[in-house]
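According to full-length UniProt numbering, the sequence shown is numbered sequentially starting from 1.
Reading through the structure tokens given below for one structure.
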Amino acid sequence: MDDLGGDPLEEMHEWILQPFLPIFRKLAPLDQGRKYTLEDYLYAEEFHYTVEVVEETLVPVYLGHSKRTKLLFFGACLPSITYFDYSMFPVYHPSEIQVSIDADSTSLPGFPQKVFIHGRSKPSFLKIIFAGGARVALKELMAYSKIYIANFDATVLTSRLDGLVHDDEGTTIGLLLSYINRPGFTLEFNGGHHPKYSESRQKWFNQISHTLQHLHAHNIVWGDAKPGNVLLDPNGDAYVVDFGGGYTPGCVEKEMAGTIAGDLQGLESIRRYLFE
Numbered sequence: 001m002d003d004l005g006g007d008p009l010e011e012m013h014e015w016i017l018q019p020f021l022p023i024f025r026k027l028a029p030l031d032q033g034r035k036y037t038l039e040d041y042l043y044a045e046e047f048h049y050t051v052e053v054v055e056e057t058l059v060p061v062y063l064g065h066s067k068r069t070k071l072l073f074f075g076a077c078l079p080s081i082t083y084f085d086y087s088m089f090p091v092y093h094p095s096e097i098q099v100s101i102d103a104d105s106t107s108l109p110g111f112p113q114k115v116f117i118h119g120r121s122k123p124s125f126l127k128i129i130f131a132g133g134a135r136v137a138l139k140e141l142m143a144y145s146k147i148y149i150a151n152f153d154a155t156v157l158t159s160r161l162d163g164l165v166h167d168d169e170g171t172t173i174g175l176l177l178s179y180i181n182r183p184g185f186t187l188e189f190n191g192g193h194h195p196k197y198s199e200s201r202q203k204w205f206n207q208i209s210h211t212l213q214h215l216h217a218h219n220i221v222w223g224d225a226k227p228g229n230v231l232l233d234p235n236g237d238a239y240v241v242d243f244g245g246g247y248t249p250g251c252v253e254k255e256m257a258g259t260i261a262g263d264l265q266g267l268e269s270i271r272r273y274l275f276e
């Protein structure tokens, strides 16, 4: 291992994984002609190995494999509540959700995000719900139900809910949202305050303000209002995303989190980020 300041744990992982690479290539090559689904991802067969040192060489040792069982940390049971009608959104089985893979991919993505609902040509963004995430998921569903009922026009730039994914037990695996751009292409990550975006800043701020005004008119709270929750689409338009709640220090005060006043405080932090 080198002494140039790299992460020792990451270097150790890479060192241990080296003798496993031929096994990975043999056991799990992707068939580029096949359409992989979310079911393939969730119920993948597992092969178990350990590693031993034989004559100062790392040697993989096969322990066995397990049958297809769902990954335990995915999915939550959402409660039945009288003030929310789940039937307003379509529900899909994991087998109906195709996972998008690149032509040069050698494995399925660690967390599938760009997916296609069976029969649709437009992609959706899969927001996976993890075990224990029912409260946050329900908060998002409430916001998306209000957005659906409001029937905003195209000038209100925010994500919409395309449907939900349920497994055979009725567990909610994830939310299918309108696909805006690849994850991470946010105002913050893209350096929206950089001088090269001087001609776009006012447009972005106007779009965010306009969207927030219409959301608030229908009592929809953004919540964690910050540059990192503004997604830029391929046309350079700014979309308000993530209605799971929470707050970010420096953008919204803790006492104001989850309120319209907190959203306006977050909007002011976005203005400062863009123009100061």
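The beta carbon of each residue, even a glycine, is placed where N, CA and C say it ideally should be.
Straight across, the Cα-Cα distance linking Ala257 with Ala225 is about 9 Å. Fewer than three Cβ pairs drawn from the segment 163-170 and the segment 183-198 lie within less than 8 Å of each other, which leaves the two stretches out of contact. Counting along the chain, Pro22 sits inside the alpha helix (DSSP H) bounded by residues Leu21 to Leu27. Here the segment 138-148 lies against the segment 240-250, with 3 or more beta-carbon pairs under 8 Å apart.
DSSP places Val136 in the uninterrupted alpha helix (DSSP H) bounded by Ala134 to Ala150. Judged by their CB atoms, Gly174 and Leu126 are nearer to each other than the 8 Å cut-off.
Between Leu157 and Asn190, the beta carbon gap of about 16 Å keeps them out of contact (Cβ cut-off 8 Å). Per the DSSP secondary-structure output, Pro60 pairs in a beta bridge with Val51. Apart from the 5 residues on each side of it in sequence, Gly228 sits with its Cβ closer than 8 Å to the Cβ of Thr186, Leu187, Glu188, Phe189 and Thr248 in its chain, given in chain order.
Comparing alpha carbon positions, the residue from Glu199, Tyr92 and His214 closest to Phe152 is His214. Looking from the CA of Ile101, the closest CA among Gln32, Asp237, Thr172 and Ser95 belongs to Gln32. In this structure, Leu38 sits near Val99, with a CB-CB distance shorter than 8 Å. Beta-bridge partners assigned by DSSP to Gln98: Thr37 and Phe116. Put simply, the backbone Cα of Gly64 is about 15 Å away from that of Phe20. Excluding the 5 residues flanking it on each side, Leu58 has same chain C-beta neighbours closer than 6 Å at Pro19 and Val51, in chain order.
Rounded to whole angstroms, the Cβ separation of Pro79 and Ala131 is 15 Å, and the two are not in contact under 8 Å.
For Tyr43, the secondary structure class from DSSP, reduced to helix, strand or coil, is coil. Residue pairing by DSSP places Phe125 opposite Lys114 and Leu177 in a beta bridge. Sixteen is the threshold: since fewer than 16 other Cβ atoms of the shown chains lie within 10 Å of the Cβ of Ile23, the residue is exposed. Across the structure, Ala150 and Lys114 are spaced so that their CA atoms are roughly 26 Å apart. Take the alpha-carbon of Pro60 and the one of Tyr49: they are about 6 Å apart.
Taking 8 Å as the upper bound for CB-CB distance, Ile97 and Ile117 are in contact here, some 6 Å apart. By the beta-carbon neighbour count (other beta carbons within 10 angstroms, threshold 16), Asp263 is buried. Linking Phe275 to Val53 through their CA atoms gives a straight-line distance of about 58 Å. Between Phe74 and Leu42, the C-beta gap is smaller than 8 Å, which places the two residues in contact. Leu267 is the residue among Gln207, Leu267 and Pro112 whose C-alpha sits nearest the C-alpha of Gly250.
In terms of CA proximity to Lys203, Val230 leads the group Val221, Arg160, Arg120 and Val230.
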